[in-house]
Each structure stands twice: as C-alpha cells, then as structure tokens.
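All remarks here apply to the structure that follows.
Numbering (our numbering), first residue to last: 36 to 182.
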C-alpha cells in the first residue's frame, strides 16, 4: 500500500471525520461487547480520534485502567486481535499510553476516526483487542446494539 505525505504524517488511508451519531453508535456497540466479557476482567472502551489513527499514532489510555493493571515501567505489551494475531506495542506508564507499534496495529486494522476498540487485559503485558469499526456502514454496528 502506498502512502503520501501530508504535513509531517504519512497518510495511508483517506482520513474520515466521524459524525457524532456514528461515533456514538460505535461506542455503544463497544460498550455492549464490553458488558459481555467475563466479570472482573479489566477492560476499557476507547473511541478512535485522528491523533490515534492518522497522525501522531499515540493511544491514550485511561489512568484508572492503567493503574494496578499494566506495568509500572516502560514495557512492551502484546495486543491480540480477534483472529489471534499478535502485535507488539510500547506502553509508557508516565504518559498512560501506547506508542511504538501502535501505528502498525492501527494501519493493519485500518482503524479510522470514530471506530471503537475494547481492550481487555488477559495478562499483565497482554491485551485482547476487539474492534467495532464503522467502515462507513452504520447498519452493521446498529445490529450489534442490545435491543
């Protein structure tokens, strides 16, 4: 896949601005999925914004999810997708976020503004990632919502 330079970032997919409605639908579908996970398993829903998926490629994590669940020092974490594929990212605890390697994951999964992910802690340095992507087709996500 070829990319083109836009400012300081290389854009591989055409950026998409998610509507408030689309972002809300993806987030609610992700929350419904989160509720179906085993109780007591630490998890968090994150809505993608442009800095997560188009430029900077930094994924902020909520402090309440990081504290007590993730390592206290800069560490490599493994992200496991729904097919069992693994991606290595760098967790920086002082900044509560994922850096190195996140760009590869975001591009491989074709994440866009408005998509939602559920991060579920499997081990101290391993997170299962469930994607609820808009893919410009709101109907698929609407069907994922509980009735």
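Idealized CB from N, CA, C, for every residue including glycine.
Self-check item: Short Cβ contact (8 Å threshold) for residue 82 with residue 155
Solution: no
Quiz item: When you compare only the Cα positions, how much space is there between residue 151 and residue 85?
Solution: 12 Å
Quiz item: Candidates 57, 139, 58, 91: which alpha carbon is nearest residue 116's?
Solution: 139
Quiz prompt | 8 Å Cβ cutoff met for residue 122 and residue 133 | solution = no
Practice problem: Note the first and the last residue of the continuous alpha helix (DSSP H) segment covering residue 58. | Solution: 55–70
Quiz prompt | Neighbourhood of residue 169 by C-beta, 6 Å cutoff - its chain only, sequence neighbours within 5 removed | solution = 57, 61, 149, 150
Quiz item: What residue from 130, 119, 93, 88 has the CA that sits closest to residue 107's CA?
Solution: 130
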